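Below is one structure; the comments refer to it alone.
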Amino acid sequence: MGASDFAKLPHIGEPVRRKEDYRFLTGAGQYTDDIVPEGTTHAVFVRSPHAHARINSVDKSAALAAPGVIGVFDGQDVAADKIGGLPCGWLITSTDGTPMKEPAHPILAQGKARYVGDHVAMVVAETLEQARNAAELVNVDYEPLPAVVDVRDARQAGASAVHDEAPDNHCYKWAIGDKAQVDAAFAGAAHVTRLDLTNNRLVPNAMEPRAVIGQYNRATDEYTLTVANQNPHVERLLLTAFVMGLPEHKVRVIAPDVGGGFGSKIYLYAEDVCLTWASKKLNRPIKWTCERAEAFLSDAHGRDHVSHAELALDKDGKFLALKVHTDANLGAYLSTFSTAVPTILYATLLAGQYSTPQVYVEVDAWFTNTTPVDAYRGAGRPEATYLLERIVSRAAWELGLPQDELRRRNFITSFPYQTPVALQYDTGDYHACLDQANQLADVAGFEARKAASKTKGLLRGIGYSSYIEACGLAPSNIAGALGARAGLFECGEVRVHPTGSVTVFTGSHSHGQGHETTFAQVVAARLGLTPDQVDIVHGDTGRVPFGMGTYGSRSISVGGAAIMRALDKIEAKAKKIAAHLMEASDADVDFANGEFTVRGTDKKVTFGQVALTAYVPHNYPLDKLEPGLNETAFYDPTNFTYPAGTYICEVEVDPETGVVRVDRFTAVDDFGTIINPMIVEGQVHGGLVQGIGQALLENCVYDRETGQLVTGSFMDYTMPRADDFPSFQLGHVCTPCTTNPLGTKGCGEAGAIGSPPAVINAVLDALAPLGVKDLDMPASPHRVWQAIQSAKA
Amino acid sequence: MQVPLKVNGKAVTVDAAPHTLLVQALREHLRLTGTHVGCDTAQCGACTVLLNGRAVKSCNMLLAQASGAEITTIEGLSAADGTLHPMQAAFKECHGLQCGFCTPGMVMSAVDLCQRRPDASEAEVREMLEGNLCRCTGYQNIVKAVVQGAAAMKA
Chain A
3 MGASDFAKLP
13 HIGEPVRRKE
23 DYRFLTGAGQ
33 YTDDIVPEGT
43 THAVFVRSPH
53 AHARINSVDK
63 SAALAAPGVI
73 GVFDGQDVAA
83 DKIGGLPCGW
93 LITSTDGTPM
103 KEPAHPILAQ
113 GKARYVGDHV
123 AMVVAETLEQ
133 ARNAAELVNV
143 DYEPLPAVVD
153 VRDARQAGAS
163 AVHDEAPDNH
173 CYKWAIGDKA
183 QVDAAFAGAA
193 HVTRLDLTNN
203 RLVPNAMEPR
213 AVIGQYNRAT
223 DEYTLTVANQ
233 NPHVERLLLT
243 AFVMGLPEHK
253 VRVIAPDVGG
263 GFGSKIYLYA
273 EDVCLTWASK
283 KLNRPIKWTC
293 ERAEAFLSDA
303 HGRDHVSHAE
313 LALDKDGKFL
323 ALKVHTDANL
333 GAYLSTFSTA
343 VPTILYATLL
353 AGQYSTPQVY
363 VEVDAWFTNT
373 TPVDAYRGAG
383 RPEATYLLER
393 IVSRAAWELG
403 LPQDELRRRN
413 FITSFPYQTP
423 VALQYDTGDY
433 HACLDQANQL
443 ADVAGFEARK
453 AASKTKGLLR
463 GIGYSSYIEA
473 CGLAPSNIAG
483 ALGARAGLFE
493 CGEVRVHPTG
503 SVTVFTGSHS
513 HGQGHETTFA
523 QVVAARLGLT
533 PDQVDIVHGD
543 TGRVPFGMGT
553 YGSRSISVGG
563 AAIMRALDKI
573 EAKAKKIAAH
583 LMEASDADVD
593 FANGEFTVRG
603 TDKKVTFGQV
613 ALTAYVPHNY
623 PLDKLEPGLN
633 ETAFYDPTNF
643 TYPAGTYICE
653 VEVDPETGVV
663 RVDRFTAVDD
673 FGTIINPMIV
683 EGQVHGGLVQ
693 GIGQALLENC
703 VYDRETGQLV
713 TGSFMDYTMP
723 RADDFPSFQL
733 GHVCTPCTTN
743 PLGTKGCGEA
753 GAIGSPPAVI
763 NAVLDALAPL
773 GVKDLDMPAS
783 PHRVWQAIQS
793 AKA
Chain B
110 MQVPLKVNGK
120 AVTVDAAPHT
130 LLVQALREHL
140 RLTGTHVGCD
150 TAQCGACTVL
160 LNGRAVKSCN
170 MLLAQASGAE
180 ITTIEGLSAA
190 DGTLHPMQAA
200 FKECHGLQCG
210 FCTPGMVMSA
220 VDLCQRRPDA
230 SEAEVREMLE
240 GNLCRCTGYQ
250 NIVKAVVQGA
260 AAMKA
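Protein chains in written order, with this note's numbering: chain A, 3 to 795; chain B, 110 to 264.
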């Protein structure tokens, strides 16, 4: 079935209320910490208080003697059992042909601790309180070493080395694009705009802290790992094949209800391995639930780039070339997908929505004594969008053009479009998004609102951002050529029951995205059922055949496409059964609205009758067809999908206090086909708050001397709250994706990708009359006030 | 320490150590796991329950302080036949939840808020939800749900 036929089916485009909500609204959700297996023991981790220290010894004796303690483990125990380090899933090759530096990432520190919060020992006791008390008794002899936390320090000659394998702290140098062509274009440019910027480090802070239960069954030699995770099959693959050397069929990974992820629950973490490993040694279930302060230290962080960019333009404001250099902070160790974020998921997006003929991007990635950095909502694409949309607005101001006008002059208008940085956009309509955004935002009324603000002593500004992202990760062959060490397909199984209801098993995982509803709509639409007749099972390697999980806005476009393929198989087989029942040729049977008909006759059978026949095959072509109606499909996409849109932000700034208030925010997105607009808009709202949060509120700060995490709790790290925002105005443009059977592009990350530059551009527009030209995120009152004071000086 | 309580209409006595937090008593002793713990600084509000009708953060008070109190948790909000409370129904109708983790605390805060301020404007709702963090929804549909739930509670 083609994407245009699919979009016309019943239930597609309907705001179906969510099937999962009843359990969440009545307290019946089952998150990992809600589950207590019989005989559960509790783990507490001893974490390094130093950013960098040699571990001379770990004395476990007092802890082992403490009440209730049944085990204390450190790096030596890990080494003795030959438990491997945590693997990195993406190999980046440097421009000189050498592979990235890949130091070991032990599950309990071996000889050195490399960031505040690094896991040094694990204490297991009968109760959590006993484990906490005993953890205080583990005596670690640390010898503090100098620490580097900022890439600007890590890259200095003579900086303290995080790893012996990378004495200069350099992990890789990577580049994309044609440098010579870019240099030539700059030589002939009428105007060059330059920009230095920082993309601030963030802490994901899903509301459910990470949690793990490790269990081992001696009778069957099977492990069960229950874990707050976004991709249980990947977790199992990494855990078994790369770390513990276990056969996969002996390990079941269950990710039950998961309270948000935003990337931070993609990765295989040390705690997951420690609990699985120790559950066998102790022959007891072990639970660990992360505390929030511990989450700040140990969940993979996001962003943390320092960049310089230059944009060359001709006399008419057409972009000629873009040149970017970025220093990326990877933290102390390589987290699962960390190395792909500042390269494959970043630099390839720097063409944006523009027909810039030449782009060259160079990335240096560095180790520092900080928590590992990995994908966080958007992953590389927000960093690309922030840089590009900031420099485009700056160029507009330098040329005296309206922000939207310069964008219009450079939009790509013909598709498919091959960018100079590897991607091929299949479709889009960037002018339509911008036009709709201008209308919804009432840009025409901006000057009047600005004048009204002025009478109150406030400065009003408007900011644009026209983003693009590459989602639907990813064609496995392309990803493989770019260094991925895993495939990026998805799997779906459609099980039709004898009475015609359906259970779908998907490798995508839902931790807030509403797959149980959206995927049910897809299946119901295809089979002529209601969404209530379709249940979606996810998050359990014991029930779902296989899966690559949820990240990169891939669930509907890759996971949904796998279900569509399985439905094709179901439909093909069901047609044969129906043909037999109606004594017709397969080729003459049509299927629509849940009914099989024979062309040119009034014969028909329902989907339910066919399902029953498949399982009660008394009148059935058993010589040609197996009974049953259960099909599995694996789908590997042929291209990324390219959601795009234009966001417009309007702010009021109080020049006396530096306080910025977002007064209006308009987001127009092209997500291709939309299956459930209610859920899609909810995803955009959430993304916007995370993006505006990055621009105005959130900032992860380490002390540059000591490497201590300064923003280590909700008392110090500014989380966005309800009264920080206005209601957002949303709009949609639809150019269906041409490379998957649904026409969908994905919507999970757009809000977080598109919004930060719109906000900062708006603040800079507001402050322009005061002479402020630059500002880094977050634009806190203090920073804005300081920028105003320095402009005055 | 024996602490008598009335939880979701039922009289119970919790036998726990003196330093037990109310949220621990609910989750661990009474196994009412709908009340969640999302932080350690009384900022996120996922643990919000009603104590004698007022919303409190159950991570931020001792069980002993609740002795003799009437507690309502998210499990006690819907009708005996499972019909959702008007505020729960409004959250579903308005898509006021995504991952569901902050939801119980958010709904309990909303019920209290609407009992005290049945005519709260959108801006007032936003201000009064300051003590509850949500990382998924961007708050917009929560605010919509609270306004709609307030109207339904008055009806």
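Beta carbons: idealized from backbone N, C-alpha and C, even for Gly.
Quick caveat: nothing in here was measured; it's all calculated off a predicted structure.
Query                                                                                                                                : Result
Residue burial classification, R163 (chain B) (beta-carbon count within 10 angstroms, cutoff 16)                                     : exposed
7 Å Cβ cut-off: residues of chain B touching A483 (chain A)                                                                          : Going along chain B, no residue has its Cβ under 7 Å from A483 (chain A), so there is no contact; the nearest lies around 35 Å.
Cβ separation of A272 (chain A) and T373 (chain A), assumed to be a contact under 8 Å, to the nearest whole Å                        : At roughly 12 Å, the Cβ-Cβ gap does not stay under 8 Å, so A272 (chain A) and T373 (chain A) are not in contact.
Stretch pair the segment 648-664 of chain A + the segment 461-477 of chain A: three plus CB contacts closer than 8 Å                 : yes
Within-8 Å CB hit, N207 (chain A) to chain B                                                                                         : yes
Short CB-CB distance (under 8 Å) between A61 (chain B) and chain A                                                                   : The first residue shown for chain B is 110 and the last is 264, placing residue 61 (chain B) beyond what the model contains.
Same chain only: Cβ atoms within 8 Å of P213 (chain B), ignoring 5 sequence neighbours per side                                      : G143, T144, H145, A155, T157, T182 and I183
Three-state class that DSSP yields for Y719 (chain A) in the structure shown                                                         : coil
Residue-chain proximity (Q224 (chain B), chain A), Cβ-Cβ < 8 Å                                                                       : no
Distance, G113 (chain A) Cα to V60 (chain A) Cα                                                                                      : 10 Å
Stretch-stretch touch, CB-based, cutoff 8 Å, three pairs: the segment 341-351 of chain A with the segment 145-162 of chain A         : no
Cβ of L27 (chain A) within 8 Å of any chain B Cβ                                                                                     : yes
Length of the line joining the Cα atoms of V560 (chain A) and F491 (chain A)                                                         : 7 Å
Beta-carbon proximity of G756 (chain A) to G693 (chain A), cut-off 8 Å                                                               : yes
Contact list for I681 (chain A) against chain B, beta-carbon separation under 9 Å                                                    : H204 and Q207
Local conformation of R226 (chain B) per DSSP, three classes                                                                         : coil
Unbroken stretches of the beta strand (DSSP E), 3 residues or longer, contained in the segment 482-551 of chain A                    : 492-498, 504-508 and 536-540
Reference A781 (chain A); option with closest CA among A:K794, A:A760, A:A795 and A:P771                                             : A:A760
Buried versus exposed, by CB contacts within 10 Å (16 or more), T457 (chain A)                                                       : exposed
Range covered by the alpha helix (DSSP H) that runs through V194 (chain A)                                                           : Premise fails: V194 (chain A) lies in the beta strand (DSSP E), H193 to N201, not in any alpha helix (DSSP H).
Beta-carbon spacing of L160 (chain B), A175 (chain B) below 8 Å                                                                      : yes
As assigned by DSSP and simplified to three states, the class of D36 (chain A)                                                       : helix
Contact check, I579 (chain A) vs A616 (chain A), beta carbons under 8 Å                                                              : yes
Delimiting residues of the beta strand (DSSP E) encompassing E145 (chain A)                                                          : N141 to P146
Extent of the continuous beta strand (DSSP E) to which Y617 (chain A) belongs                                                        : Segment F609 to Y617 is the alpha helix (DSSP H) holding Y617 (chain A); no beta strand (DSSP E) there.
Below-8 Å beta-carbon distance, C153 (chain B) vs any chain A residue                                                                : yes
P783 (chain A) vs T659 (chain A) beta-carbon contact at 8 Å                                                                          : yes
Positions along the segment 513-526 of chain A whose CB lies within less than 8 Å of some CB in chain B                              : H513, G514, Q515 and G516
Close-in-space but distant-in-sequence residues of the same chain around N742 (chain A) (CB under 6 Å, 5 per side omitted)           : S559 and A563
Residue range of the beta strand (DSSP E) that includes H310 (chain A)                                                               : H307 to L315
N- and C-terminal bounds of the alpha helix (DSSP H) containing I251 (chain B)                                                       : Q249 to K263
CB of C173 (chain A) within 8 Å of CB of W368 (chain A), strictly                                                                    : yes
Own chain residues within Cβ distance below 6 Å of V670 (chain A), not counting five before or after                                 : C435, Q438, A439, G647, T648 and G733
Beta carbon proximity, Y33 (chain A) to chain B, threshold 8 Å                                                                       : yes
Chain-order list of residues whose beta-carbon lies under 6 Å from that of Q731 (chain A) (same chain, five-residue window excluded) : L442 and T668
Proximal chain A residues relative to E184 (chain B), where beta-carbon distance stays under 7 Å                                     : T28 and G29
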